[in-house]
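K.L.:
There are 2 protein chains.
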Amino acid sequence: MKLTPITQKFVLHWGEMGSRWGINRTVAQIHALLYISPRPIHADEIAETLSVARSNVSTSLKELQGWGIVQVAPVLGERKDHFTTQTDVWEMLLVVLDERKKRELDPTLTLLRECVMQAEEQKAGGQVEDEAYAHKRLAELLDLVETMGGWYGQVRSLPRKTLVKFLKMGSKLSKLLS
Amino acid sequence: MKLTPITQKFVLHWGEMGSRWGINRTVAQIHALLYISPRPIHADEIAETLSVARSNVSTSLKELQGWGIVQVAPVLGERKDHFTTQTDVWEMLLVVLDERKKRELDPTLTLLRECVMQAEEQKAGGQVEDEAYAHKRLAELLDLVETMGGWYGQVRSLPRKTLVKFLKMGSKLSKLLS
DNA sequence: TATTATTTTCAGTAAGGACTGAAATAAACG
DNA sequence: CGTTTATTTCAGTCCTTACTGAAAATAATA
Chain D
12 MKLTPITQKF VLHWGEMGSR WGINRTVAQI HALLYISPRP IHADEIAETL SVARSNVSTS
72 LKELQGWGIV QVAPVLGERK DHFTTQTDVW EMLLVVLDER KKRELDPTLT LLRECVMQAE
132 EQKAGGQVED EAYAHKRLAE LLDLVETMGG WYGQVRSLPR KTLVKFLKMG SKLSKLLS
Chain G
12 MKLTPITQKF VLHWGEMGSR WGINRTVAQI HALLYISPRP IHADEIAETL SVARSNVSTS
72 LKELQGWGIV QVAPVLGERK DHFTTQTDVW EMLLVVLDER KKRELDPTLT LLRECVMQAE
132 EQKAGGQVED EAYAHKRLAE LLDLVETMGG WYGQVRSLPR KTLVKFLKMG SKLSKLLS
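The listed protein sequences derive, respectively, from chains D and G.
Following my numbering, the numbering of the first sequence begins with 12 at its first residue and continues without gaps.
Following my numbering, the numbering of the second sequence begins with 12 at its first residue and continues without gaps.
#1: Report yes or no: is there a C-beta of chain G within less than 8 angstroms of the C-beta of Trp-32 (chain D)?
#2: Compare the C-alpha of Trp-101 (chain D) against each of D:Val-166, D:Val-83 and D:Thr-158 and name the closest.
#3: Straight-line CA distance for Val-175 (chain G) to Met-159 (chain D)?
#4: I'd like to know if Ile-17 (chain D) contacts chain G, where contact means its C-beta is closer than 8 angstroms to some C-beta of that chain.
#5: Name the two residues that bound the continuous beta strand (DSSP E) containing Thr-98 (chain G).
#6: Among D:Leu-149, D:Val-127, D:Lys-134 and D:Ala-39, which has the Cα closest to the Cα of Asn-67 (chain D)?
#7: Residues of chain G with a CB under 7 angstroms from the CB of Trp-101 (chain D): which are they?
#8: Give me the Cα-Cα distance between Gly-77 (chain D) and Ala-64 (chain G), rounded to the nearest whole angstrom.
#9: Bridge partners for His-93 (chain D) per DSSP, in chain order?
#10: Of all the options D:Met-103, D:Leu-116 and D:Glu-89, which has the alpha carbon lying nearest to the alpha carbon of Leu-153 (chain D)?
#11: To the nearest angstrom, report how far apart Gln-133 (chain D) and Lys-20 (chain G) are at their CA atoms.
#12: Excluding the 5 residues flanking Thr-96 (chain G) on each side, which residues of the same chain have their C-beta closer than 8 angstroms to its C-beta?
#13: Taking Cβ-Cβ distances shorter than 9 angstroms, what residues in chain G pair up with Thr-119 (chain D)?
#14: So, with DSSP's three-state summary, where would you put Gln-138 (chain G)?
#15: Kindly give me the distance between the Cβ atoms of Leu-149 (chain D) and Ala-130 (chain D), rounded to whole angstroms, as I take these residues to be in contact under 8 angstroms.
#16: DSSP three-state label for Val-81 (chain D), please.
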């Protein structure tokens, strides 16, 4: 698969962005490549296009499948596995957000709850002023994370159409809320 | 500054989370430490508490100041610089989001616009079917990023109170939109 | 079942980023 | 000013993660 200057620019940038958000550069590049590819492609082709080892591609594809944004797409008369990603960007975004919520937000929620609960228990016995302060901070942070999580759940349950309309509604948002 | 088991757990977790989102572990730990500290603290104390080199703390604090979530707080009768972070978690979140938007979303927006523009130009001359496909994908992605950016701008301009109310409004959201 | 094609695993290596300690710089004090 | 205190810079080192290539495992074919 040959990259035009435009697509190459995109693939490189996507890799760069990925790495800024804790996603391996190659993984992100592969994702970009699949996204702009008009048909499913196989691992060898990816390896060649991006100049990385075949084994690296294998691992990265597994990772992307784990995220739920890449899947195997059988191609008629081909033995090799071919891969695609969903073309609907909104769907893609939601899948990624779901996964990050599960992997990162939820564990943080759990941890903060533990911290705040233990802090509550200690309050029964005497505690230093500084500890009380820290505990208050933790409780506030917990509230924020819970609120965000709950809000996302709401948004997530909207029908796709409504969701996109909501995001696109521009200055009407503030009117709506007042 | 001595950490209780609770606060220590929090600081470590925060560092861990940071590194998953592309933020240096130590930087995130320092931030956590400042967040739960009832009073401004100086670099030496941070270094000691977290067992890292003084110079490392210096760099990390600069980084945090660059993000706008840590500032120098002069303490009466002290020569050393002392540091704090805002106690309002919502404020903190918004500051970070602003900064990430500026650093990562906006450049992506610029790049995608360039790509899509160049693609438009090519359409004038003849172009292969596959290129046309890729360009369509890029245009869709651009639309998503633009929409997200615009929406964030809206949300960002809400008064703090309204914003928090909005995020906390639970199941009323879907009712509001229908 | 043997042969060939394809994918995965994994030990070793490379690359990138984080961290340290020492030296340089800057700021405060007397 | 000279001295002391505090902060920053930076070259070298360490550590983590990414990546490779070869070998093992799996799957398809005949």
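We put the beta carbon where it would ideally sit given N, CA and C, even for glycine.
P.N.:
Based on what the coordinates show:
#1: yes
#2: D:Val-166
#3: 10 angstroms
#4: yes
#5: Element bounds for Thr-98 (chain G): n/a, residue is neither H nor E.
#6: D:Ala-39
#7: Leu-155
#8: 38 angstroms
#9: D:His-53
#10: D:Leu-116
#11: 16 angstroms
#12: His-42, Leu-45, Tyr-46, Leu-75, Ile-80, Val-81, Gln-82 and Met-103
#13: His-24, Trp-25 and Met-28
#14: coil
#15: 7 angstroms
#16: coil
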